[in-house]
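Under the working numbering, the first residue of the sequence shown carries the number 11, and numbering increases by one thereafter.
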Amino acid sequence: MEIRPTSRADIPAVDALLARSYPALLKSDYPASILVTALPLISRAQPELVTCGTYFGCYDGDAIVSAGGWTRSRPGRGGLQKDVGHIRHVVSDPRYVRRGFGRALMTHVLENARQARVRRVLCQSTRTAEPFYAACGFMRQREIEVPLQPGISFPAVLMEILL
């Protein structure tokens, strides 16, 4: 297992990881009516995020099997707070779930945020990932709707951890 910052060269691999993971992992927690509109919007790599320096890939050999990171800017809206970070676009290959890769990635992400003097980290978790984030120390705050496009939102759970 190796964890390293992603780069422009990793965009196709992250894109493929998102495209195969979200449809498989989210289908048991969301109705098809939500997934049909949300998946095309959330299952794509965001080049500016993948290249930001605080987005990481977890590799098994040459294959990226988990990815995610944090930013100071809030997802979708920007806005910065000096000591607040935001978990961003975390994903794991369905074949690697519950094998320690996601946990290792999140430990790395949180340590990276801590070293940057972030003291509070927020996460817009899917319903599916809520138990994972809870196991990593995040506390559930409330259910939210994440705006994806005008007229399209995605049910999620706002979670928080203090570093």
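Note that beta-carbon positions come from the ideal geometry of N, C-alpha and C, so glycine has one too.
Anticipated Cβ contact below 8 Å, residue i with residue j, distance rounded
i    : j    : result
T81  : R54  : With 8 Å as the limit, T81 and R54 do not qualify as a contact, their Cβ atoms being about 17 Å apart.
R113 : C146 : 7 Å
E170 : R130 : 7 Å
E140 : R150 : 7 Å
D20  : G67  : 6 Å
For residue i, the residue or residues it bridges with in DSSP
i    : result
I154 : A166
A73  : D70
E12  : Y69
S135 : V167
Neighbourhood of residue i by C-beta, 6 Å cutoff - its chain only, sequence neighbours within 5 removed
i    : result
T138 : L35, L36, D39
8 Å Cβ shell around residue i - same chain, five flanking residues per side excluded
i    : result
Q159 : L51
Q91  : R82
E155 : S163, F164, P165, A166
R18  : P57, V60, T61
From the options, residue whose alpha carbon lies closest to that of residue i
i    : options                : result
S102 : T47, M116, Q134, H96   : M116
P104 : V75, Q125, V119        : V75
G71  : R152, I154, M11, Q134  : M11
A29  : R18, I44, L49          : L49
G86  : I171, L59, R109        : L59
V94  : V107, P141, A126, A144 : A126
A123 : V46, D25, G63          : G63
D25  : V107, L172, A77, V46   : A77
G161 : T47, F142, L27         : T47
Three-way DSSP call (helix, strand, coil) for residue i in this model
i    : result
D20  : helix
A48  : helix
D39  : coil
L28  : helix
V107 : coil
CB contact below 8 Å: residue i versus chain D
i   : result
P57 : Among the chains in the structure shown there is no chain D, since it carries only a single protein chain.
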